[in-house]
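There are 2 protein chains.
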Amino acid sequence: MKIAVVGLGIIGGSYCKAIKAYTPHTVIGVNRTKSVAEKALADGAVDVIGTPESLGEADMIIFCMYPQACVDFIKENGKFIRSDAIVTDAAGIKTALCPQLKSLSEEFGFTFVGSHPMAGKEKNGFGASDENLFMGASFIITPCGADKKAVNALASLALEIGFGTIKVTTPEEHDRMIAFTSQLPHVLACAYVLSPSCPNHKGFSAGSYRDVSRVANINSKLWSELFLENREPLMAELETLNENMNKLYTAIKAENRDELAALLERGHSVKQALGE
Amino acid sequence: MKIAVVGLGIIGGSYCKAIKAYTPHTVIGVNRTKSVAEKALADGAVDVIGTPESLGEADMIIFCMYPQACVDFIKENGKFIRSDAIVTDAAGIKTALCPQLKSLSEEFGFTFVGSHPMAGKEKNGFGASDENLFMGASFIITPCGADKKAVNALASLALEIGFGTIKVTTPEEHDRMIAFTSQLPHVLACAYVLSPSCPNHKGFSAGSYRDVSRVANINSKLWSELFLENREPLMAELETLNENMNKLYTAIKAENRDELAALLERGHSVKQALGE
């Protein structure tokens, strides 16, 4: 296959490098800033630098851009995409995005399959990309009506480049779960490091601090877009967390040791039941 | 030196193993449950199994028990401790504990230096102990009036067995900082996994979920004691976090993208300024 990757940031760059490292496919790299595409070419991450017009050569296209930028790009350049091409995105939200991309796929005649690679780092840009970023990670597919053949082609590529799990689901379930597994920890991390104690943590901290604060090193532009595009599920998770934090706070304030231990034990049990 | 370690759980067991692995000192292991002490002996983690009465042989004693159990043990057995012995604890709270241990040291004539090894795992017991648990970690000392010689002896041992940083401070500063760096993440982790979404996270989760939820696998008895013994600083951190979470929630609810991005950017800046 000829695979075009549009947007050579950490995710797009990692797709390119992983496809080059682990498959025989040809990679066409497309990026707005030319110097980044040239770096990708020099690094051997792509076989050729593409343009919107050259997308017609691609059998599969992976869009690794901000959600709204992806829609805008396809609106303008969808006419260059072949009707037998499989197109996917890499966005962390699905309900707000997939119907728009599905509708564009019908307008231009290509096949759209939504997907979300569950991997990342607390760094951005092509420089942070890594051929092993996806190793063992989960690859979530939201077929959005695409046929089995297209879904399987995408799933096969994901497994080839190192993903460990394929999860097929609806945009709505994806967004509810991602609100909990990914967005909530990012909100939490930012709120956590805003404590006046944070700048003085060194010498007093270990793994707990490191782990909770890690993703506070956030791309604020990307994540504010992701949070607002998934506002309802995220608000629901924030409300649930707030209720549970209040229960713990109340037990600590009241010095109610039994209630406090019971709440902590419930947390412990959830992890134990998951075998974690 | 002959060093006695009282309480052979994960922390006490790791002290024994690290002292045996990295120093020429002799280790006397004392544990209420005899089978654990026998396991430690069989593993070569201790040179000899001790009793409260045999503490008189020790030049240094490290108490690795629950805070209140430590006070009770010394009240009963302090008479066996030599007056030239250096005694330390390993407790995660200091303001509520150190004055009691200091007062017992004056009663029985030994030297007390408070300390807190900033290391652990989300597992308990001797089976989870590890000679490399302390590698690179911070060792916090609260001298509580002990002379320089005793503080230096303890600091030297800490560096010998792998700690990377020595931090000397007061019990009060220790407790304020630990409320933020360690206790708050533990409360958070428990509250987080109580979401109804948690049992279904598999396939939808990656590093963010793993990191925030990790310490929810908590020893509920130990941590409820630690939280209540450090109630005021912990409540202050919970209130600060709650305020910052509310600011983020409000910005998301109001779809105020600029305010949301500004709050996330503040989090990002804190981490950047720390070089993390």
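Residue numbers (this note's numbering), protein chains in the order written: chain A, 6 to 281; chain B, 6 to 281.
Glycine residues also receive a C-beta, built at the ideal position from the N, C-alpha and C atoms.
How big is the Cα-Cα spacing for residue i and residue j?
{"i": "B/I223", "j": "B/K126", "result": "10 Å"}
{"i": "A/L231", "j": "B/D64", "result": "59 Å"}
{"i": "B/A211", "j": "B/A151", "result": "47 Å"}
{"i": "B/A221", "j": "B/V198", "result": "7 Å"}
{"i": "A/K172", "j": "A/I146", "result": "6 Å"}
{"i": "B/C149", "j": "B/G280", "result": "32 Å"}
{"i": "B/S182", "j": "B/D77", "result": "In the sequence on display, residue 182 of chain B carries Met and not Ser. If you take the alpha carbons of B/M182 and B/D77, they lie about 27 Å apart."}
{"i": "A/F139", "j": "A/D48", "result": "19 Å"}
{"i": "A/L253", "j": "B/L269", "result": "26 Å"}
{"i": "B/F115", "j": "B/E62", "result": "13 Å"}
{"i": "B/E165", "j": "B/C21", "result": "13 Å"}
{"i": "A/K39", "j": "A/M250", "result": "48 Å"}
{"i": "B/S187", "j": "A/F209", "result": "9 Å"}
{"i": "A/A42", "j": "A/Q277", "result": "46 Å"}
{"i": "A/K226", "j": "B/R271", "result": "12 Å"}
{"i": "B/A196", "j": "B/H206", "result": "15 Å"}
Within the 8 Å Cβ cut-off, does residue i reach chain B?
{"i": "A/T170", "result": "yes"}
{"i": "A/L269", "result": "yes"}
{"i": "A/Q277", "result": "yes"}
{"i": "A/D180", "result": "no"}
{"i": "A/N205", "result": "yes"}
{"i": "A/C21", "result": "no"}
{"i": "A/A211", "result": "yes"}
{"i": "A/P190", "result": "yes"}
{"i": "A/K107", "result": "no"}
{"i": "A/G18", "result": "no"}
{"i": "A/T245", "result": "yes"}
{"i": "A/L199", "result": "yes"}
{"i": "A/G12", "result": "no"}
{"i": "A/G208", "result": "yes"}
{"i": "A/P120", "result": "For the sequence presented, residue 120 of chain A should be read as Ser rather than Pro. So no, A/S120 is outside the interface."}
{"i": "A/N249", "result": "yes"}
{"i": "A/G167", "result": "no"}
{"i": "A/H30", "result": "no"}
For residue i and residue j, which I take to be in contact (beta-carbon distance under 8 Å), what is that distance rounded to the nearest angstrom?
{"i": "B/A256", "j": "B/L265", "result": "4 Å"}
{"i": "A/S143", "j": "A/F168", "result": "7 Å"}
{"i": "A/F68", "j": "A/A90", "result": "No, A/F68 and A/A90 are not in contact; Cβ-Cβ is about 12 Å, not under 8 Å."}
{"i": "B/R262", "j": "A/S120", "result": "That belief does not hold up - the Cβ atoms of B/R262 and A/S120 are roughly 26 Å apart, past 8 Å."}
{"i": "B/G18", "j": "B/A50", "result": "6 Å"}
{"i": "A/S213", "j": "B/H273", "result": "That pair is no contact at about 20 Å."}
{"i": "B/D216", "j": "A/D135", "result": "At roughly 18 Å, the Cβ-Cβ gap does not stay under 8 Å, so B/D216 and A/D135 are not in contact."}
{"i": "B/P72", "j": "B/L102", "result": "5 Å"}
{"i": "A/E260", "j": "B/L189", "result": "At roughly 18 Å, the Cβ-Cβ gap does not stay under 8 Å, so A/E260 and B/L189 are not in contact."}
{"i": "B/P204", "j": "A/V35", "result": "With a Cβ gap of about 41 Å, B/P204 and A/V35 do not count as contacting."}
{"i": "B/M240", "j": "A/K153", "result": "No, B/M240 and A/K153 are not in contact; Cβ-Cβ is about 55 Å, not under 8 Å."}
Excluding the 5 residues preceding and the 5 following residue i in the sequence, name in chain order all residues of the same chain whose CB lies nearer than 7 Å to its CB.
{"i": "B/D180", "result": "I98, K99, T100, N235 and P238"}
{"i": "A/K44", "result": "F131"}
{"i": "A/R219", "result": "E127 and A194"}
{"i": "B/F185", "result": "E242"}
{"i": "A/M70", "result": "V11, G12 and F78"}
{"i": "A/I4", "result": "This structure gives no information on residue 4 of chain A, because the portion of chain A shown stretches from 6 to 281."}
{"i": "A/A163", "result": "F144 and I171"}
{"i": "A/T174", "result": "I145 and T147"}
{"i": "B/A133", "result": "I15 and K126"}
{"i": "B/A26", "result": "E136"}
{"i": "A/I24", "result": "I8, H30, V32 and I166"}
Is residue i a contact residue of the ligand NAD, with contact defined as CB to any heavy atom under 7 Å?
{"i": "B/A266", "result": "The ligand NAD is not among the ligands present in this structure, which contains no ligands whatsoever."}
Shorter than 8 Å from the beta carbon of residue i to some beta carbon of chain A?
{"i": "B/K39", "result": "no"}
{"i": "B/I15", "result": "no"}
{"i": "B/T186", "result": "yes"}
{"i": "B/A50", "result": "no"}
{"i": "B/K99", "result": "no"}
{"i": "B/E234", "result": "no"}
{"i": "B/E242", "result": "yes"}
{"i": "B/A196", "result": "yes"}
{"i": "B/I33", "result": "no"}
{"i": "B/M140", "result": "no"}
{"i": "B/I4", "result": "Outside the shown range of chain B (6 to 281) lies residue 4 of chain B, about which nothing can therefore be said."}
What residues in its chain sit with their C-beta under 6 Å from that of residue i, if we drop five residues either side in the sequence?
{"i": "A/C75", "result": "F68 and D94"}
{"i": "A/P176", "result": "K99, T100, C103 and T147"}
{"i": "B/A124", "result": "L138, F139 and A142"}
{"i": "A/L46", "result": "I54"}
Take residue i and list the residues in its own chain whose beta-carbon comes closer than 8 Å to its own, dropping the five residues that flank it on each side.
{"i": "B/V118", "result": "I91, V92, T93, I146, T147, P148, C149, A151, A155, V156 and L159"}
Three or more C-beta pairs below 8 Å linking the segment 41 to 58 of chain B and the segment 6 to 16 of chain B: Note that the segment 41 to 58 of chain B touches the segment 6 to 16 of chain B; at least 3 beta-carbon pairs, one per stretch, sit closer than 8 Å.
Cβ contact check for the segment 18 to 31 of chain B and the segment 146 to 161 of chain B: 3 or more pairs under 8 Å: In the pairwise beta carbon analysis, the segment 18 to 31 of chain B is classified as not touching the segment 146 to 161 of chain B: fewer than three pairs are separated by under 8 Å.
Determine contact between the segment 105 to 121 of chain B and the segment 69 to 87 of chain B, defined as no fewer than three beta-carbon pairs at a distance below 8 Å. Flag = yes, the segment 105 to 121 of chain B and the segment 69 to 87 of chain B touch.
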